[in-house]
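Heads up: the structure comes next, in structure tokens.
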Amino acid sequence: MSGRLLAPSLAELRKRRSTKWREYDPDVLPLPVAEMDYPIAAPIIDAVTEMMRRSDTGYLGKFPELGLAFAGFAQRRWNWQINPESVRMTTDLGVATIEILRALGSPGDRVVVMPPIYPAFYNWTTEIHFPIVEVPLRKDGTNYSIDFEGLEREFGTGVQFFIISNPHNPLGLIFTSEELKKIAALAKKFGVIILSDEIHAPLTYKGETFTPFGKVSDEARSQVITLTSASKSWNLAGLKCALFFTENSELHEKLEPLVKGIRSRASLIGAASHVAAFSECDEWLDSAIDTIEESSQYFAELVAKHWPNVQISKPKNSYLSWVDFSDTRLGEDPAVELLEKARVAISSGIPFGTGGKHHARLNFATSPEILEEAVTRIAPWL
Ligand SMILES: Cc1ncc(COP(=O)(O)O)c(C=O)c1O
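Those letters in the sequence shown? Residues 0 to 381, per numbering that gives the first Met the number 0, in order.
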């Protein structure tokens, strides 16, 4: 077992300047946006500090270290061999998704997603006029599963793209190799390009197995573009670096015109911190996983004790809980009411698409004290 990460006190956290800490009034406890409250890994702090000491700033150009660092990580953690030279750098997953869709498609092309799903998938595609087609996950109590018939039906209507959150935000679901193979076979049959957003993958819990989509079959290798970054797992959001790659040489070539433009909009600090994350921070990552697993368990205990009429997801990955408030006195949008009444900020379920009403997403990557305070503040309103 590795050590636990300790979140600073609330007073200390309130000195942070990210949106999580600036968005709300000072009496609000913020547990929405996917940032962790834990301290950054020491090798990342060292890498960035050293850059500053050497005045090593400037525009980001070639940075082969990133592909090599990620390929090393993928090999160590998932036994996945990728070609470091196929890795392209970008600002963040949002920019990469938008630019990839633009490069490979045109406005009006349809994109399948499986809600409830990370709301930015809707925002990004709307921005460029690529309509979303929903194939909601099937819900059975707190269990969710893929609607393969729905996917086949929609793929069969000629949709061009499928975006998957693998693992799934907000449910913390890990898809199996068999499930991914089945999707890849359908995508191949109907010529659908898959964008596999694997940003949460490094935070897969001990005893669970994350499967990279691009690894599962020849069909996946031909249909999948993988997008990822260190921003969720090592708390580097906002440093502006991410990466994408595909093993399909034709798609790789089609994406070549993007390379210089989107790379130069990413940041050198982002690239250096990502290299440190992917190559020197496995031990920190293990501690982060232990810490969030423990926090997930503690949150489940608090819910059982204080929120008897609430159901929560059972994540196998990352630090997000999908909370079902359907059996409470709260209305369709519990997050809005709870912000006003309990002074706790969680993410509204409605932007997560079909299945989001009466739900909210809570980020439990914080201290047990803050978690307990949030749960007890909310309890009287349920
Ligand atoms: C599934 C998923 N994809 C992408 C992002 C955002 O990534 P980026 O900041 O690199 O655009 C998030 C952030 O929470 C996320 O949960």
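Virtual Cβ for every residue (Gly too), placed ideally from N, Cα, C. The structure presented is a predicted model; accordingly, all values stated were derived computationally and were not measured.
Closest to residue i by C-alpha separation, out of the options, would be which residue?
i, options, result
"Phe62", "Tyr117, Pro350, Val274, Thr290", "Val274"
"Ala58", "Thr89, Pro25, Glu49", "The question names Ala, but residue 58 is Tyr in the sequence shown. Ranking Thr89, Pro25, Glu49 by Cα distance to Tyr58 puts Thr89 first."
"Phe189", "Asp332, Leu226, Phe154, Ile345", "Phe154"
"Gly60", "Val258, Pro118, Leu238", "Val258"
"Ser272", "Asp45, Trp20, Ala6", "Asp45"
"Ile268", "Ile43, Arg16, Pro38, Arg3", "Ile43"
"Gly149", "Tyr121, Phe129, Ile182", "Ile182"
"Pro38", "Met51, Val27, Leu4, Arg16", "Leu4"
Got a sec, what are the start and stop residues for the alpha helix (DSSP H) residue i sits in?
i, result
"Leu9", "9–12"
Should residue i and residue j be called a contact, given that it needs their Cβ atoms to be closer than 7 Å?
i, j, result
"Phe324", "Val302", "no"
"Pro385", "Asn362", "Outside the displayed range of the chain (0 to 381) lies residue 385, so it cannot be described from this structure."
"Phe212", "Leu179", "yes"
"Trp380", "Pro169", "no"
"Ala265", "Cys240", "yes"
"Pro83", "Ala95", "no"
"Ser164", "Asp139", "no"
"Asp217", "Gln159", "no"
"Ala6", "Asp36", "yes"
"Val223", "Ile162", "no"
Taking 6 Å as the cut-off, does the CB of residue i come closer than this to any heavy atom belonging to ligand 1?
i, result
"Ala33", "yes"
"Leu92", "yes"
"Ala241", "yes"
"Tyr117", "yes"
"Ser164", "yes"
"Asn234", "no"
"Asn316", "no"
"Asp196", "yes"
"Asn308", "no"
"Ser228", "yes"
"Asn168", "yes"
Looking at the secondary structure, which residues open and close the beta strand (DSSP E) in which residue i lies?
i, result
"Lys138", "137–139"
"Trp321", "319–323"
"Tyr143", "142–144"
"Arg360", "358–362"
"Ala265", "Taken as a continuous stretch (DSSP letters only), Ala265 belongs to no beta strand (DSSP E), as it is neither H nor E."
"Asp196", "192–196"
"Arg87", "87–89"
Less than 8 Å between the CB atoms is what I'm expecting for residue i and residue j, so what's the real figure, rounded?
i, j, result
"Val215", "Ser176", "5 Å"
"Ile127", "Pro114", "Rounded, the Cβ-Cβ distance is 19 Å, inconsistent with contact."
"Gly66", "Val86", "3 Å"
"Leu92", "Leu226", "5 Å"
"Leu202", "Ile288", "6 Å"
"Ala364", "Tyr318", "4 Å"
Does chain D have any CB closer than 7 Å to the CB of residue i?
i, result
"Arg220", "The structure shown has no chain D; it contains just one protein chain."
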